[in-house]
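Asker: Residue numbers (the working numbering), protein chains in the order written: chain G, 1429 to 1638; chain F, 23 to 501.
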Amino acid sequence: MPRETVLHKVRTALGRSVGQAPAAAPEARLRIPAVDLEARLSSFLRRIEELAGKTHRAATPEEARAYVEGVVAGRPAVASRAGFLRECGITALPSVRTGFTSAAELRAACVAADFGITSADYALADTGTLVLLSSPEEARMISLLPPAHLAVLPRDRILTGLDELFTRLPRPAEQTSSMVLVTGPSRTADIEQILVRGVHGPGEIHVIVV
Amino acid sequence: MRGAYQEQIVATLGNRGLQSAIYKASGRLMDHRRHAIDPAELPDFEELRAQANLIKQHTIENLDYYLEQFEAQVTARGGQLIWARDGEEVAEFVADLARRKQARLIVKSKSMTTEEIDLRKRLAPHGLETVETDLGEYIVQLAEERPYHIVAPALHKTREEVGEIFSRRLGVPRENEPEKLTKIARAVLREKFLAAGIGMTGANFLVADSGAVVLVENEGNARLSTTAPGIHVAVAGIEKLIPRAQDLAVFLKLLGRSATGQALTVYTSFLSGPRRAEEIDGPEEFYVVLLDNGRSKLLADRDQRQSLYCIRCGACLSHCPVYRKIGGHSYPWVYSGPIGAVITPQIQGLSEAGWLPFASSLCGACGEVCPVKIELPRLLLELRSEIQRARSRQGENRWEKLAFRLWAWVMRHPRVYEMLGMAAAAAMPGEESGNWLERLPGWLNRGPLKAWTSQRDLPPLPERSFRRLWRERVKAGRS
């Protein structure tokens, strides 16, 4: 049995026995700096812009909807079932399709769409990162298949960084099968190290903070 | 043996285009890293390295515990864990799975572990088409080569070469613009993603307390490989474990910065199990294959086991003066650079790769940049001494030992040294330029001595040596 062979070899190499408890693990290192909301917001937006993402500060949900409407401009878009998108009225925009519960239908819609619109569960201020947890409201494909991704979120979801994220979510697997951190548009530098955006994921990203 | 790679090394050194490509690309990676770890950007870089080293040491020294914890977590979340002793067992599992699920096409994201076991080639006889989807890996696959650098697999290809490969292999019109070439790859590979039955990935980390596979990438191909097909198979070495999801706060800050100078790569996926009942999309089946393939052998050596801390950032390659000259294809295995020189001889055997630890200037750059603080220079030295001891036992280095004993004797006898110096200066050909070692008389310049002199030279010896000048100076009373 490969399982027993491998485990046996590992134990023999380490001089450990079956069922032996591990030595005490080093303490997890999580340092959360004190940064106020306005500073987190401006750092978050600045980082996204440095990565060639587009940003917009919306004072009200209506303003967020107007911005999204302007970007989408009547072209085909797919929106997630996130409550916040509904609150902003984005799911009700004319060319936006939403409400998919079947993976096959969602996929067909995403392949044909020019824009994928999601919210975000968290954002990280120090790196300009969106944190997306797969759930009944948020599918994986919407932020991945269409060539442009729009993310709309309320400002209080912006955390300082990774340390705060893993403090809030010490074990993300308890909530979701998939947590994805998105930091800027999809990119590659595999040919002569020349930066090209939009390889397999969206080459364009808009982040709208309400 | 070394001979087979000697040719590759000489060819690389003589190829000016390639030399400048390696030099520029690795230089850029070095610059990017330096900016990313600047104290203004990341004040606690050194603390993070120390913590990463501590965590890896702890995990490796209690590895059996974390392997079992990981297995229990994967299973609890509806995934399945497969143990594989070697590449053959990985291929058998994948081929059998594909047969049961009637899958013919596999899309794959970049993984050094599957390169290590040559998985694509092993799957081909089973009628399976395996497509690399990372742009660099795809180029290398179409060119039928192996990756040149851990994080930049097609570092050695110019845009013209890529254009030529694409038009020849894909039947598309000839293009040379990276932007257009990328579009071509996107279109071809998008079809593959949507048609594939199985998506395969490696793993940057395996999280024991979550049963999670963590993938770090920039293009989105790993996300697509784990989202579009109905089955996700991750293949990872047993050393990839970390205890807790919270430890990622340390490792993610180090990996992207050390590899490409990014604070975080574009996508970091934390995947645990198949899609849950209430989730809308994601694979229905989730498998993790844990591979040994010689790793448990490394584990047995108390010192060398730290080479299993490696998170494959490639920083030691980019910073290595030897790698920067001889390039990634001059190493006998997929792992090149200093980390390759440490693990290859121990896994492939000393007779195959015993020369590798000597392909180092011992400048120490690799150890300085390693984000998990593997003591690469010391490990290289220790391997050297182990190899020399083995050669002594077999009496293989009798002449070398004699030569060095002779050298030591000469160095202890200044008169003899000076006389030999004068004799050499007199015997030296008249030219001003170097190259005189190469042109030693034929009877002296053969066998192992020739192998040595063909790679080295000395400047012309001066007519008056330093000792002589010094004596004259003292005599003239101007000391």
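Every residue, glycine too, gets a C-beta built ideally from N, C-alpha and C.
Could you pull the start and end residues of the beta strand (DSSP E) that H80(F) belongs to?
Answerer: The residue you call residue 80(F) lines up with position 58 of the second sequence. That residue, H80(F), is in no beta strand (DSSP E); its alpha helix (DSSP H) goes 67 to 83.
Asker: What does P1450(G) touch in chain F if you count any residue whose Cβ is under 7 angstroms from its own?
Answerer: The residue given as residue 1450(G) occupies position 22 in the first sequence. Per Cβ cutoff of 7 angstroms: N84, Y87.
Asker: Compare the Cα-Cα distances from G252(F) to each of A125(F), V235(F), N198(F) and report the closest residue.
Answerer: Your numbering for residue 252(F) matches position 230 in the second sequence. Cα-wise, what sits closest to G252(F) is A125(F).
Asker: Taking all protein chains shown into account, do 16 or more other C-beta atoms lie within 10 angstroms of the C-beta of D303(F), making it buried, or fewer, making it exposed?
Answerer: Here the question's residue 303(F) lines up with position 281 in the second sequence. The residue is buried, with at least 16 neighbouring Cβ atoms inside 10 Å.
Asker: Taking a cut of 7 angstroms between CB atoms, which residues from the region 390 to 411 of chain F lie near chain G?
Answerer: From the region 390 to 411 of chain F, no residue has a Cβ closer than 7 angstroms to chain G.
Asker: Per DSSP, R478(F) is paired with what?
Answerer: Taking the first residue of the second sequence as position 1, residue 478(F) is located at position 456. R478(F) is not bridged to any residue.
Asker: What is the DSSP secondary structure of V356(F), reduced to helix, strand or coil?
Answerer: Residue 356(F) sits at position 334 when you count from the first residue of the second sequence. Coil, per DSSP.
Asker: Interface residues of chain F around E1620(G) at Cβ under 7 angstroms?
Answerer: On the first sequence, position 192 is the one that residue 1620(G) refers to. Simply T180, R181, P200.
Asker: Residues in the same chain with beta-carbon distance under 7 angstroms from R334(F), minus the five sequence neighbours each way, listed in chain order, please.
Answerer: If you number the second sequence from 1, residue 334(F) lands on position 312. These residues qualify, in order along the chain: M134, I172.
Asker: For my contact list, R191(F) and L164(F) are in at a C-beta cut-off of 8 angstroms; report their separation, rounded to the angstrom.
Answerer: Here residue 191(F) corresponds to residue number 169 of the second sequence, with the count starting at 1. Here residue 164(F) corresponds to residue number 142 of the second sequence, with the count starting at 1. That pair is a contact at about 4 angstroms.
Asker: Near M23(F), which residues of its chain fall below 7 angstroms by C-beta distance, leaving aside the five closest residues on each side in sequence?
Answerer: Within the second sequence, residue 23(F) is the residue found at index 1, counting from 1. For M23(F), the predicted model reports a pLDDT of 46, less than 50, meaning its position is unreliable; a value from the coordinates is still stated below. Around M23(F): no qualifying Cβ.
Asker: Cβ closer than 8 angstroms: which chain F residues qualify as neighbours of P1504(G)?
Answerer: What you label residue 1504(G) is simply residue 76 of the first sequence in a count that begins at 1. Within chain F, no residue comes near P1504(G); the closest Cβ sits about 17 angstroms away, beyond 8 angstroms.
Asker: Measuring straight from C-alpha to C-alpha, what distance separates G504(F) and V432(F)?
Answerer: With chain F covering 23 to 501 only, the question about residue 504(F) has no answer from this structure.
Asker: Listing by chain order, which chain F residues have their CB less than 8 angstroms from the CB of S1563(G)?
Answerer: Position 135 of the first sequence, counted from the start, is the residue given in the question as residue 1563(G). Neighbours of S1563(G) on chain F, chain order: E300, E301.
Asker: How big is the Cα-Cα spacing for A1451(G) and A74(F)?
Answerer: Start at 1 with the first residue of the first sequence, and residue 1451(G) comes out as number 23. Start at 1 with the first residue of the second sequence, and residue 74(F) comes out as number 52. In a straight line, the C-alpha of A1451(G) is about 17 angstroms away from that of A74(F).
Asker: So with CB distances below 9 angstroms, who are the chain G contacts of F92(F)?
Answerer: As a working note, residue 92(F) is residue 70 in the second sequence. Going along chain G, no residue has its Cβ under 9 angstroms from F92(F), so there is no contact; the nearest lies around 11 angstroms.
Asker: Taking a Cβ distance cut-off of 8 angstroms, strictly less, list which residues of the region 272 to 300 of chain F are near chain G, in chain order.
Answerer: Residues V272, L274, K275, T282, Q284, A285, L286, T287, V288, Y289, T290, S291, F292, L293, S294, G295, P296, R297, R298, E300.
Asker: Step through the CB atoms of chain G and report whether any lies within less than 8 angstroms of the CB of T136(F).
Answerer: Translated into positions along the second sequence, residue 136(F) becomes position 114. No - not a single Cβ of chain G is within 8 angstroms of the one on T136(F).
Asker: For M23(F), decide whether its Cβ has a neighbour in chain G, counting only Cβ atoms nearer than 8 angstroms.
Answerer: Translated into the one-based positions of the second sequence, residue 23(F) becomes position 1. Annotation note: pLDDT 46 at M23(F) (below 50); position unreliable, no value reported.
Asker: Starting from S1606(G), trace the beta strand (DSSP E) in both directions and tell me its first and last residue.
Answerer: What you label residue 1606(G) is simply residue 178 of the first sequence in a count that begins at 1. 1606 to 1610 is the extent of the beta strand (DSSP E) around S1606(G).
Asker: By DSSP's criteria, I253(F) is part of a beta bridge. Which residues make up the other side?
Answerer: As a working note, residue 253(F) is residue 231 in the second sequence. Looking at the DSSP assignment, I253(F) forms a beta bridge with I220(F), E307(F).
Asker: Does the region 1532 to 1542 of chain G touch the region 1566 to 1583 of chain G, meaning 3 or more C-beta pairs lie closer than 8 angstroms?
Answerer: Cβ pair count under 8 angstroms is three or more, so yes.
Asker: Could you name each continuous alpha helix (DSSP H) segment of 4 residues or more that falls completely within the region 318 to 400 of chain F, going from the start of the chain to the end?
Answerer: Qualifying alpha helix (DSSP H) stretches, in chain order: 337 to 340, 345 to 348, 359 to 370, 372 to 375, 387 to 391.
Asker: By the 10 Å Cβ neighbour count, where 16 or more other Cβ atoms means buried, how is W474(F) classified, buried or exposed?
Answerer: Along the second sequence, read from residue 1 onward, the residue named residue 474(F) stands at position 452. W474(F) comes out exposed.
Asker: Using the C-alpha atoms, what's the distance from H254(F) back to D1464(G)?
Answerer: Locating residue 1464(G) in the first sequence gives position 36, counting from the first residue. Locating residue 254(F) in the second sequence gives position 232, counting from the first residue. So the two alpha carbons sit approximately 41 angstroms from each other.
Asker: Which residues mark the beginning and the end of the beta strand (DSSP E) in which F292(F) is found?
Answerer: Along the second sequence, read from residue 1 onward, the residue named residue 292(F) stands at position 270. 289 to 293 is the span of the beta strand (DSSP E), which, as asked, contains F292(F).
Asker: Quick check: the region 167 to 186 of chain F against the region 196 to 204 of chain F, are at least 3 beta-carbon pairs closer than 8 angstroms?
Answerer: Yes: the two stretches touch, three or more of their Cβ pairs being nearer than 8 angstroms.
Asker: Under 8 angstroms by Cβ, that's how I've got R1459(G) and D1591(G) pegged, so tell me the actual separation to the nearest angstrom.
Answerer: What you label residue 1459(G) is simply residue 31 of the first sequence in a count that begins at 1. What you label residue 1591(G) is simply residue 163 of the first sequence in a count that begins at 1. With 8 angstroms as the limit, R1459(G) and D1591(G) qualify as a contact, their Cβ atoms being about 5 angstroms apart.
Asker: So, is F1472(G) buried or exposed, given that buried needs 16 or more other C-beta atoms within 10 angstroms?
Answerer: Sequence index remark: in the first sequence, residue 1472(G) carries index 44 (1-based). F1472(G) should be labelled buried.
Asker: Per DSSP, what are the beta-bridge partners of Y1550(G) in this structure?
Answerer: On the first sequence, position 122 is the one that residue 1550(G) refers to. DSSP lists V1559(G) as partners of Y1550(G).
Asker: Let me confirm a value: D269(F) is counted as buried when at least 16 other C-beta atoms fall within 10 Å, else exposed. Which label applies?
Answerer: Residue 269(F) sits at position 247 when you count from the first residue of the second sequence. Classification of D269(F): buried, given that the 10 Å Cβ count is 16 or more.
Asker: Near D1549(G), which residues of its chain fall below 6 angstroms by C-beta distance, leaving aside the five closest residues on each side in sequence?
Answerer: The count along the first sequence starts at 1 and reaches residue 1549(G) at position 121. Once the five neighbours on either side are set aside, the close Cβ partners of D1549(G) are V1559, L1561.
Asker: Counting only beta-carbon atoms, is F1472(G) nearer than 8 angstroms to chain F?
Answerer: Reading the first sequence from its first residue, position 44 is the one you call residue 1472(G). No, no contact with chain F.
Asker: Scan the region 1588 to 1609 of chain G for residues whose Cβ lies nearer than 7 angstroms to a Cβ of chain F and list them as they occur along the chain.
Answerer: Cβ contacts with chain F come from L1590, D1591, F1594, P1598, R1599, P1600, A1601, S1605, S1606, M1607, V1608, L1609.
Asker: Does the beta-carbon distance from G1612(G) to A1480(G) come in below 8 angstroms?
Answerer: Mapped onto the first sequence, residue 1612(G) falls at position 184. Mapped onto the first sequence, residue 1480(G) falls at position 52. The answer is yes: Cβ separation under 8 angstroms.
Asker: For the beta strand (DSSP E) that contains H1634(G), what are its first and last residues?
Answerer: Looking up residue 1634(G) in the first sequence gives position 206. Start and end: 1632 to 1637.
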